[in-house]
Amino acid sequence: MPQSEATTLSSTVSSPPPTTSTAATTATDQAEADRGGWLRFSPAQPLFRARAAQRLAVLAYHGVTDPRSFGAQLDRLRRLATPVSVCDVEQAIAEGKPLPPRSVLITFDDADRSVLTHALPELTARGIPAAAFVISELIGTDRPFWWHEAAFLARHGGQARSLRSHVRPEQLLARLKALPDPDRRRSLHELRVSARRRPPGQDQLSPEDLRALQDGNVAIGNHTLGHPCLARCDDSTVHAEITGAHQALTRWLGEPPTAFAYPNGGYDPRADTLLRQLGYRLGFLSDHRLGPRLPVHPLRISRLQVDSTTSSRRFDTILSGLEPAVQRWRKGPTVAE
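Numbering follows full-length UniProt numbering, with no gaps: position 133 of the sequence shown is 133.
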């Protein structure tokens with residue numbers, strides 16, 4: 001980061017504006033949606049916004065809970081940015097030509113039904129392309145995401161030897177993700193056996209739904225078979241998770257997928273090698289960063305974390321890269337991903 005930006009950012013972080021009297025009455029969910037929204041008034045915001053014009057912003061959603069707010073975000077993108085598709089990014093890389101200034105790609109991880117029912121109509125109405133990365137073994141089922149299932153089972157008496165008793169829900173997922181994948185699967189089985197209740201079903205997308213999304217200019221990408229933490233998997237599991245999903249998507253869509261999103265957002269070099277062998281052109285992280293308009297590492301493209309309920313003020317500072325920079329500043333130096 002240039003010294004001028006670092007100095008301005010330091011001032012911004014150390015001197016946030018005072019809260020107003022109305023902040024105390026703000027609902028918790030709205031406060032979360034606007035978390036960091038005050039940064040839009042920071043003197044660093046214009047500097048970061050100008051710099052972001054020469055970067056690629058890939059937005060990573062996880063479903064859409066508020067279609068109206070999501071539509072407002074799309075309207076904002078149409079005014080302030082240049083929406084691009086997976087094909088546009090692939091073509092830019094193939095030709096060695098940077099994408100247009102202020103390019104933005106919209107993506108969805110896990111792809112629950114809200115991508116079809118809430119996101120697609122808003123995208124179609126505005127002619128904006130997107131990409132959805134699906135967990136292939138859930139397609140056509142009513143099985144919940146494994147992390148939702150684990151939280152439900154733990155709340156209803158489920159226990160596992162690898163987990164301490166009375167683990168808080170917010171700690172459970174982190175503990176499960178930290179386990180070697182065989183231990184994670186074993187713990188999920190133990191939670192299922194010991195819980196007093198089974199979790200409700202979750203209506204997942206069908207192969208027909210995937211084709212409808214594809215017809216609506218939403219590219220369908222690989223997000224593995226079951227969404228494990230690849231870094232916790234052995235080589236054979238990494239291979240099975242990626243190739244199994246690749247084969248299923250090819251069968252359902254009639255053509256092989258060319259884009260991949262790493263489960264939990266973490267890069268894995270074994271996956272990189274396999275993806276190249278399978279013909280993938282793009283791979284996406286979840287590192288909450290902007291990337292270059294001409295990606296240097298096509299299978300390690302940065303993304304920004306955003307939600308359909310994110311306030312317009314915070315949305316602007318995420319797009320500019322200021323909010324992510326402040327987050328990294330507060331966490332301190334880390335090893336590059």
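C-beta atoms are modelled at their ideal positions from N, C-alpha and C, and glycine is treated no differently. Bear in mind that the values here come from a model prediction, so they are computed numbers and not experimental data.
Distance between beta carbons of residue j and residue i, contact taken as under 8 Å
| i | j | result |
| --- | --- | --- |
| V115 | L105 | Actually they do not touch by this definition, with Cβ atoms about 15 Å apart. |
| A150 | L123 | In fact, because the Cβ distance is near 31 Å, the residues do not count as touching under 8 Å. |
| G221 | F133 | 4 Å |
| R313 | R40 | 5 Å |
| R126 | L74 | 5 Å |
Cα-Cα separation between residue i and residue j, rounded to whole angstroms
| i | j | result |
| --- | --- | --- |
| Q54 | P292 | 7 Å |
| L322 | A57 | 12 Å |
| G214 | L249 | In the sequence on display, residue 214 carries Gln and not Gly. So the two alpha carbons sit approximately 12 Å from each other. |
| E190 | G140 | 25 Å |
| T22 | H288 | Reliability of the predicted coordinates at T22 is poor, the pLDDT of 42 falling under 50, and the value obtained from them is presented with this limitation in mind. Answer to the nearest angstrom: the Cα atoms are 30 Å apart. |
| A271 | F284 | 12 Å |
| A325 | L290 | 10 Å |
| P257 | A174 | 30 Å |
| D110 | I301 | 18 Å |
| F260 | R155 | 33 Å |
| D112 | R185 | 22 Å |
| Y267 | L225 | 17 Å |
| L282 | R143 | 28 Å |
| S103 | D316 | 14 Å |
| D181 | R303 | 25 Å |
| Y280 | L172 | 33 Å |
| H223 | F48 | 31 Å |
| A44 | R51 | 11 Å |
| V193 | T310 | 38 Å |
| A202 | W147 | What sits at residue 202 in the sequence shown is Gln, not Ala. Cα to Cα, the separation comes out at about 12 Å. |
| L275 | R328 | 29 Å |
| D235 | A212 | 34 Å |
| D66 | A72 | 10 Å |
| Y262 | E170 | 22 Å |
| H227 | A131 | 17 Å |
Spatially closest choice to residue i from the options, by CA coordinates
| i | options | result |
| --- | --- | --- |
| C87 | L80, L99, L253, L77 | L99 |
| G158 | A125, R198, R78 | R198 |
| S320 | K331, Q305, T309 | Q305 |
| A245 | L172, I135, S311, W147 | I135 |
| F70 | D307, E149, F48, D316 | D307 |
| P295 | L47, E95, E208 | E95 |
| L176 | S236, R79, A231 | A231 |
| A240 | E137, W252, S206 | E137 |
| Q277 | L299, Y262, T107, Y267 | L299 |
| V218 | R314, D316, F108 | F108 |
| P129 | L77, L172, G265, A160 | L77 |
| P269 | L163, A178, V238 | V238 |
DSSP beta-bridge partners of residue i
| i | result |
| --- | --- |
| S103 | T82 |
| A261 | F284 |
| Y61 | F108 |
| L56 | G291 |
| A132 | F108, I220 |
| L77 | Beta-bridge pairing links L77 to no other residue. |
| I93 | According to DSSP, which records beta bridges pairwise, I93 is partnered with nothing at all. |
| I301 | F284 |
heavy atom of the ligand SAM below 6 Å from residue i C-beta
| i | result |
| --- | --- |
| P46 | As for the ligand SAM, it is missing from this structure, which has no ligand bound. |
Residue i and residue j closer than 7 Å at C-beta
| i | j | result |
| --- | --- | --- |
| V64 | H118 | yes |
| L210 | W252 | yes |
| N264 | C233 | no |
| G216 | L120 | yes |
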